[in-house]
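Heads up, UniProt numbering is the position in the sequence shown plus 196, with the first residue counted as 1.
Heads up: the structure comes next, in C-alpha cells.
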Amino acid sequence: GKPVFISRHGESMFNTQGLIGGDPPLSPLGEEYAKVLVDYVQQSEELPNDELCVWSSTMRRARQTAAEIDKSRYVEWRALREIEVGVCDGLTYAQVKASFPEEYRAREQDKLRYRYPRGESYLDIIARLEPVIFEMERQKAPLLIIAHQAVLRCLYAYFLDLPSEEIPYLSIPLHTVIKLTPQAFGCNEKRFKLLD
Ligand code: F6P
Numbered sequence: 197g198k199p200v201f202i203s204r205h206g207e208s209m210f211n212t213q214g215l216i217g218g219d220p221p222l223s224p225l226g227e228e229y230a231k232v233l234v235d236y237v238q239q240s241e242e243l244p245n246d247e248l249c250v251w252s253s254t255m256r257r258a259r260q261t262a263a264e265i266d267k268s269r270y271v272e273w274r275a276l277r278e279i280e281v282g283v284c285d286g287l288t289y290a291q292v293k294a295s296f297p298e299e300y301r302a303r304e305q306d307k308l309r310y311r312y313p314r315g316e317s318y319l320d321i322i323a324r325l326e327p328v329i330f331e332m333e334r335q336k337a338p339l340l341i342i343a344h345q346a347v348l349r350c351l352y353a354y355f356l357d358l359p360s361e362e363i364p365y366l367s368i369p370l371h372t373v374i375k376l377t378p379q380a381f382g383c384n385e386k387r388f389k390l391l392d
C-alpha cells in the first residue's frame, strides 16, 4: 500500500516548560525542525514529494511545522487537534497532581477511558479520528500528517492494529518522522529522527 508519514509538530514553547494544553507557538528548536522537515520532504528517497499531500491540525504549532513545506495539496483538520485537557489547560503534570489529585489518580488508573473535566479522553480522540481515517484510506497519493502526541498514538495504533489499552503509552517522540507502509499482513515501519 501507499505510505503514510506521521510526525508530531516541532517542539513548542509549552513542551519546553512541561505544560499541557494551550495553543503555543513553536520554540526556536521547533522552528528548526520545521526547516529540516522541509529538507527531508524534498530530498528523502522515501518520499516522492511531487505528489505529496500534507495534512495538519488547526493548532498553531502544527501549522507552523507545516508552514515551509510546499503544500499544493494541504488540508487542515480540526479532528487532528491535540487532546483537550479542559480544566488542566496550561498546567504541568505536577500541578495537575497537586490541584486535582483525584483526577490525576483516575487518569493513572484508566488512561484510555479517562476524560478530563470539560475535556476529552483517548476514546474521544479515536471517535473523532474516524472521518480522518476514512479519508486517509481513500487517498491515492503519499500523505504526511503533522499532528500531536495523543492523536498520533491513536493513528499509529490503527495502522499497527494494536490493542487500544496500549494506545496511551505508545512512544511517539518529537522531531521524528514515522513512515508507515501497509503490507498484505500488518504494516512496515521506519523511523527517521531528524533532530535531537
Ligand atoms: O505534552 C504534550 C502533549 O501533546 C499535551 O498537549 C497533551 O496533553 C499530552 O501530550 C498527551 O499525552 P498524555 O496522554 O501522555 O498526557
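For glycine and all other residues, C-beta sits at the position ideal for the given N, C-alpha and C.
Since this is a predicted model, take the numbers as computed values, not measurements.
Neighbourhood of R311 by C-beta, 6 Å cutoff - its chain only, sequence neighbours within 5 removed
The sequence position of residue 311 within the sequence shown is 115, counting from 1. The residues are S317.
In chain order, what residues of the same chain have a beta carbon less than 7 Å from the beta carbon of V281, not counting five sequence neighbours either side?
As a first step, residue 281 must be located in the sequence shown, where it is residue number 85. Answer for V281: I216, G217, Y312, G315, listed in chain order.
Roughly how many whole angstroms lie between the Cα atoms of E298 and L376?
Against the sequence shown, residue 298 aligns to sequence position 102. Against the sequence shown, residue 376 aligns to sequence position 180. About 38 Å.
Quick one: using the 10 Å Cβ neighbour count with 16 as the cut-off for buried, is P364 buried or exposed?
Position 168 of the sequence shown, counting from 1, holds the residue named residue 364. Buried, because 16 or more other Cβ atoms sit within 10 Å of the Cβ of P364.
Determine which residues share a DSSP beta bridge with K375 and list them.
Taking the sequence shown and counting its residues from 1, one reaches residue 375 at position 179. The partner list for K375 (beta bridge, DSSP) reads F201, K386.
With hydrogens ignored, establish whether the beta-carbon of A323 is closer than 6 Å to any heavy atom of ligand 1.
By one-based count along the sequence shown, residue 323 stands at place 127. No, the beta carbon of A323 sits no closer than 6 Å to any heavy atom of ligand 1.
Taking just the CA atoms, how far does L390 sit from D320?
Here residue 320 corresponds to residue number 124 of the sequence shown, with the count starting at 1. Here residue 390 corresponds to residue number 194 of the sequence shown, with the count starting at 1. Cα to Cα, the separation comes out at about 31 Å.
Terminal residues of the alpha helix (DSSP H) in which I322 lies:
As a first step, residue 322 is located in the sequence shown; it is residue number 126 there, counting from the start. Unbroken alpha helix (DSSP H) run through I322: 318-324.
With DSSP as the reference, label V250 as helix, strand or coil.
Stepping through the sequence shown from its first residue, residue 250 is reached at position 54. If DSSP states are grouped into helix, strand and coil, V250 belongs with the strands.
V347 beta carbon near ligand 1 (any heavy atom closer than 6 Å)
The residue labelled residue 347 in the question sits at position 151 within the sequence shown. Checking the Cβ of V347 against ligand 1 gives no.
Near A353, which residues of its chain fall below 6 Å by C-beta distance, leaving aside the five closest residues on each side in sequence?
Taking the first residue of the sequence shown as position 1, residue 353 is located at position 157. So the qualifying residues of the chain are I363.
Suppose the cutoff is 7 Å on Cβ atoms and the five residues either side in sequence are ignored; what does the same chain contact list for R387 look like?
Here residue 387 refers to the residue found at position 191 of the sequence shown. Cβ within range, chain order: T372, I374.
Please state whether the Cβ-Cβ distance between L248 and P378 is less than 7 Å.
One-based indexing of the sequence shown puts residue 248 at position 52. One-based indexing of the sequence shown puts residue 378 at position 182. No, these two residues do not count as a Cβ contact at 7 Å.
Report yes if the CB atom of T261 is closer than 7 Å to the CB atom of A230, and no otherwise.
The sequence position of residue 261 within the sequence shown is 65, counting from 1. The sequence position of residue 230 within the sequence shown is 34, counting from 1. In this structure, A230 lies closer than 7 Å to T261 by Cβ.
Assuming I341 and I202 make a contact with CB atoms under 8 Å, what is their CB distance in whole Å?
Position 145 of the sequence shown, counted from the start, is the residue given in the question as residue 341. Position 6 of the sequence shown, counted from the start, is the residue given in the question as residue 202. So it is a contact: roughly 5 Å between Cβ atoms.
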